[in-house]
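Asks:
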Amino acid sequence: MLKRTPLYDTHVAAGAKMVDFGGWDMPVNYGSQIEEHYAVRRRAGMFDTSHMRTVDFSGGTRDFLRALLANDVSKLTPGKALYSCMLNEAGGVIDDLIAYWIEDDRYRLVVNASTANKDIAWMQRVAGERGFEVRIEPRSDLAMIAVQGPRARELIGQVLPFAAATTADLKPFGGAFIDPALTPGPSPGARGGAWFIARTGYTGEDGCECILPGHDAAHFWNKLKAAGVAPCGLGARDTLRLEGGMNLYGQDMDESVSPLESGLAWTVDMKADRDFIGRDALKAQRARGNLRQLVGLKLLDKGVLRAHQKVMTAPGDGEITSGTFSPTLGFSIALARVPAGVAVGDAVEVDLRGKPVAAQVVKFPFVRNGKALI
Amino acid sequence: MNVPDNLRYTTSHEWLRTEADGNVTVGITDFAQDALGDLVFVELPAVGRSLQAGEACAVVESVKAASDVYAPIAGEVVAVNDELKDKPEAINDNAFAAWLFRLKPANAGDAAELLSPEAYKQNIAAQT
Chain A
2 MLKRTPLYDT
12 HVAAGAKMVD
22 FGGWDMPVNY
32 GSQIEEHYAV
42 RRRAGMFDTS
52 HMRTVDFSGG
62 TRDFLRALLA
72 NDVSKLTPGK
82 ALYSCMLNEA
92 GGVIDDLIAY
102 WIEDDRYRLV
112 VNASTANKDI
122 AWMQRVAGER
132 GFEVRIEPRS
142 DLAMIAVQGP
152 RARELIGQVL
162 PFAAATTADL
172 KPFGGAFIDP
182 ALTPGPSPGA
192 RGGAWFIART
202 GYTGEDGCEC
212 ILPGHDAAHF
222 WNKLKAAGVA
232 PCGLGARDTL
242 RLEGGMNLYG
252 QDMDESVSPL
262 ESGLAWTVDM
272 KADRDFIGRD
282 ALKAQRARGN
292 LRQLVGLKLL
302 DKGVLRAHQK
312 VMTAPGDGEI
322 TSGTFSPTLG
332 FSIALARVPA
342 GVAVGDAVEV
352 DLRGKPVAAQ
362 VVKFPFVRNG
372 KALI
Chain B
24 MNVPDNLRYT
34 TSHEWLRTEA
44 DGNVTVGITD
54 FAQDALGDLV
64 FVELPAVGRS
74 LQAGEACAVV
84 ESVKAASDVY
94 APIAGEVVAV
104 NDELKDKPEA
114 INDNAFAAWL
124 FRLKPANAGD
134 AAELLSPEAY
144 KQNIAAQT
């Protein structure tokens with residue numbers, strides 16, 4: 002049987018179309034995917050991301066994460082987050098994740114749903130083999146709701162008076178714990194247990210990801226809905242993240258490719274003298290050169306670019322890793338892995354179901370904060 | 024799922040209506056548009072093109088997927104619904120009003136061989 006989040010009954014009652022997403026029974030839309038997309042770009046929408054796994058760390062965490070992750074958590078200040086890949090020895094991407102430094106030696110990681118068990122097994126293996134004394138605590142008891150859009154933080158504050166001030170003050174990539182029981186003022190629906198609210202997301206809009214006790218999730222969701230936040234499914238989540246130029250694990254990168262060939266070199270910190278897993282492999286790749294690159298594509302003809310379509314460029318063939326119709330731009334966009342030497346502005350061709358069509362290499366993100374960037 | 028009584032259907036989810044002049048109008052069903060999701064692009068056959076029954080002749084593309092549309096019967100394309108080029112979402116709004124193309128049938132009796140509304144209902148019930 003498919004796994005269910007604490008919001009499963011809420012989705013079904015709302016008439017969501019449910020699909021199997023990596024073993025989870027998740028809403029793909031509640032009617033129109035495009036309307037949900039616009040709700041996030043123009044007002045506020047919310048996503049059930051409870052299938053993603055929160056993992057809490059305590060003990061000798063800082064040194065452990067500096068060895069485990071390609072980005073360097075020593076850059077963080079308390080309450081801040083960073084995006085990182087977790088690599089294997091060959092430099093392939095085991096997963097991408099967000100790491101929050103809570104305080105002292107407490108960190109919180111949020112990893113992808115489909116890779117969660119593999120990730121945790123890897124973390125435990127690395128800790129064991131390398132002798133890190135670290136406590137790794139997967140939190141299957143927690144739900145997660147991403148509220149995204151220009152009005153997202155304002156509306157979270159409206160329905161969560163106990164969190165309003167904190168939410169308003171959060172800096173981008175900042176996060177904070179809020180315990181309703183310890184906070185003055187009314188706490189509707191909160192039945193105890195700390196909430197964690199961070200100004201992060203996967204849409205290219207402002208907003209927050211709220212990690213909360215599973216038993217509070219449905220009440221919070223319904224309060225947000227009553228305040229005008231549109232329930233959104235995984236369909237809109239995918240078009241939003243692609244417009245926002247954000248990679249999807251398993252599609253734009255996986256264990257067979259390195260972050261250097263996935264548009265994620267900016268997340269790899271080679272500066273410090275830090276021996277993280279995959280470092281030697283990435284150094285060797287850089288030295289060899291001629292690396293493939295992830296580029297943006299804009300379709301100049303009619304149609305829709307899709308993953309796995311062949312891209313013909315002057316230096317050689319590449320492949321689309323994610324493609325869709327962009328509701329904001331009104332044409333199709335894609336991410337594609339192409340040979341070295343392809344540059345922004347180049348004219349390329351895509352094999353669209355047997356027909357060569359014209360596309361142009363463009364910068365991504367394609368859309369940020371409601372504005373077209375290309 | 025809406026399945027009007029006055030139309031004929033195919034297992035590939037096209038609908039067909041015989042007009043007073045003997046030509047037939049073709050579209051995709053409510054079931055098909057619901058499965059595809061928001062439509063963003065429609066490619067229609069050229070007027071004058073001769074089609075075999077079952078020949079792929081149009082494409083409907085949604086945010087999720089591209090899907091071929093097949094000629095339910097043999098015939099010549101006599102008209103296409105150009106309004107869909109700018110308004111593909113009209114198919115989501117009402118799949119039975121937003122027709123794709125009209126055919127002059129090669130054989131007058133072919134349309135009657137397609138699925139009845141009852142048979143089509145059973146066909147989609149088996150898929151859900």
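Those protein sequence lines, which keep their order, are chains A and B. When the letters of the first sequence are read in order and numbered with the numbering used here, they come out as residues 2 to 375. When the letters of the second sequence are read in order and numbered with the numbering used here, they come out as residues 24 to 151. By construction, the Cβ of each residue, glycine as well, lies at the ideal position given by its N, Cα and C atoms. These numbers were taken from a predicted model, which means no experiment stands behind them.
Can you find a C-beta in chain A that's less than 9 angstroms from the C-beta of ALA148 of chain B?
Replies: no
Asks: In the segment 346 to 358 of chain A, which residues sit with their C-beta less than 8 angstroms from some C-beta in chain B, listed in chain order?
Replies: ARG354
Asks: So LEU326 of chain A contacts chain B; which residues on that side make the cut at Cβ distance below 9 angstroms?
Replies: The residue asked about is misnamed: residue 326 of chain A is Phe in this sequence, not Leu. Within 9 angstroms Cβ-Cβ: ASP61, VAL63, PHE64, GLU84, SER85 and VAL86.
Asks: Considering Cα atoms alone, identify which of A:ALA114, A:VAL74, A:ALA128 and A:ASP120 is closest to ASP105 of chain A.
Replies: A:VAL74
Asks: Quick check: what's the CA-CA separation for ALA191 of chain A versus ILE147 of chain B?
Replies: The predicted position of ALA191 of chain A is uncertain, since its pLDDT is 47 and thus under 50; a value taken from the coordinates is nonetheless stated next. Going from the Cα of ALA191 of chain A to the Cα of ILE147 of chain B covers about 44 angstroms.
Asks: If we count the other Cβ atoms within 10 Å of its Cβ and call it buried at 16 or more, is PRO187 of chain A buried or exposed?
Replies: Because PRO187 of chain A carries a pLDDT of 45, less than 50, the predicted location of this residue cannot be relied on, and the following value inherits that uncertainty. Per the 10 Å Cβ criterion, exposed.
Asks: For LEU353 of chain A, verify whether its CB is less than 8 angstroms away from any heavy atom of the ligand ADP.
Replies: Ligands are entirely absent from the displayed structure, and the ligand ADP is therefore not among its contents.
Asks: Determine, using beta carbons only, whether THR240 of chain A comes closer than 9 angstroms to chain B.
Replies: yes
Asks: List, in order along the chain, the chain A residues whose C-beta lies closer than 9 angstroms to that of ALA89 of chain B?
Replies: GLY304, VAL305, ARG307, LEU353 and ARG354
Asks: Since SER323 of chain A meets chain B, which of its residues come closer than 8 angstroms, beta carbon to beta carbon?
Replies: Residues of chain B passing the Cβ test: none, with the nearest at roughly 12 angstroms.
Asks: Skipping 5 residues on each side, what residues in its chain have a beta carbon closer than 8 angstroms to that of HIS52 of chain A?
Replies: Hits under 8 angstroms: LYS4, THR6, PHE22, GLY23, TRP25, MET27 and ALA114.
Asks: On the DSSP letters alone, give me the boundaries of the beta strand (DSSP E) that ILE30 of chain A sits inside.
Replies: A small correction: the amino acid at residue 30 of chain A is Asn; Ile does not occupy that position in the sequence shown. Element bounds for ASN30 of chain A: 25 to 30.
Asks: From which residue to which residue does the beta strand (DSSP E) around PRO139 of chain A run?
Replies: 135 to 139
Asks: Would you tell me roughly how many angstroms separate the C-alpha atoms of ALA337 of chain A and GLY245 of chain A, rounded to the nearest one?
Replies: About 15 angstroms.
Asks: Can you confirm whether the segment 99 to 109 of chain B touches the segment 59 to 70 of chain B when touching is taken to mean that 3 or more C-beta pairs between the two stretches lie within less than 8 angstroms?
Replies: Counting Cβ pairs under 8 angstroms, three or more are found: they touch.
Asks: Taking the alpha-carbon positions, what's the VAL178 of chain A to GLU138 of chain A distance?
Replies: In the sequence as presented, Val is not what sits at residue 178 of chain A; that position holds Phe. One C-alpha to the other measures close to 17 angstroms.
Asks: Indicate whether at least one CB of chain B lies closer than 9 angstroms to the CB of LEU70 of chain A.
Replies: no
Asks: Taking VAL82 of chain B as the reference, give the member of B:LEU137, B:GLU37, B:ARG31 and B:PRO27 with the closest Cα.
Replies: B:GLU37
Asks: Can you list the residues of chain B that SER33 of chain A reaches, using a CB-CB cut of under 9 angstroms?
Replies: GLY60, ASP61, GLU112 and ASN115
Asks: Are TRP196 of chain A and LEU161 of chain A closer than 9 angstroms when you measure CB to CB?
Replies: Result yes, Cβ atoms of TRP196 of chain A and LEU161 of chain A sit closer than 9 angstroms.
Asks: Determine whether the Cβ of VAL41 of chain A lies closer than 9 angstroms to any Cβ atom of chain B.
Replies: no
Asks: Helix, strand or coil: which one does DSSP assign to TYR101 of chain A?
Replies: strand
Asks: Let me know the secondary structure DSSP gives GLY190 of chain A once reduced to three states.
Replies: Confidence in GLY190 of chain A is poor, its pLDDT being 45 and thus under 50, which makes the residue's placement too unreliable to answer from.
Asks: What is the DSSP secondary structure of PHE277 of chain A, reduced to helix, strand or coil?
Replies: coil
Asks: Assuming LEU3 of chain B contacts VAL49 of chain B (C-beta within less than 8 angstroms), just tell me the rounded distance between them.
Replies: For residue 3 of chain B there is no data in the structure shown, the boundaries of chain B being 24 and 151.
Asks: Let's test the definition: count the other Cβ atoms within 10 Å of the Cβ of ARG131 of chain A and tell me whether it reaches 16, buried, or not, exposed.
Replies: Label assigned to ARG131 of chain A: exposed.
Asks: List the residues of chain B whose Cβ lies closer than 9 angstroms to the Cβ of GLY236 of chain A, in chain order.
Replies: Per Cβ cutoff of 9 angstroms: GLY60, ASP61, VAL86 and LYS87.
Asks: Between which two residues does the alpha helix (DSSP H) carrying ASP207 of chain A extend?
Replies: Per DSSP, ASP207 of chain A belongs to no alpha helix (DSSP H) and is neither H nor E.
Asks: Would you check if the distance between the CB atom of GLY202 of chain A and the CB atom of ARG44 of chain A is smaller than 9 angstroms?
Replies: no
Asks: Using a beta-carbon distance below 9 angstroms, is ASN113 of chain A in contact with chain B?
Replies: ASN113 of chain A does not count as touching chain B.
Asks: If the cut is a Cβ gap below 7 angstroms, which residues of chain B does ASN30 of chain A touch?
Replies: GLY60
Asks: Note down the Cα distance separating ALA17 of chain A from PRO357 of chain A, rounded to an integer number of angstroms.
Replies: Approximately 37 angstroms, taken between the alpha carbons.
Asks: Which partner residues does ARG72 of chain B have in the DSSP bridge list?
Replies: None; ARG72 of chain B has no bridge partner.
Asks: Near ALA344 of chain A, what residues of its chain come up, given a Cβ to Cβ distance below 8 angstroms and the 5 sequence neighbours on each side ignored?
Replies: VAL362
Asks: When you compare the CB positions of GLY176 of chain A and GLY80 of chain A, do they come within less than 9 angstroms of one another, or not?
Replies: yes
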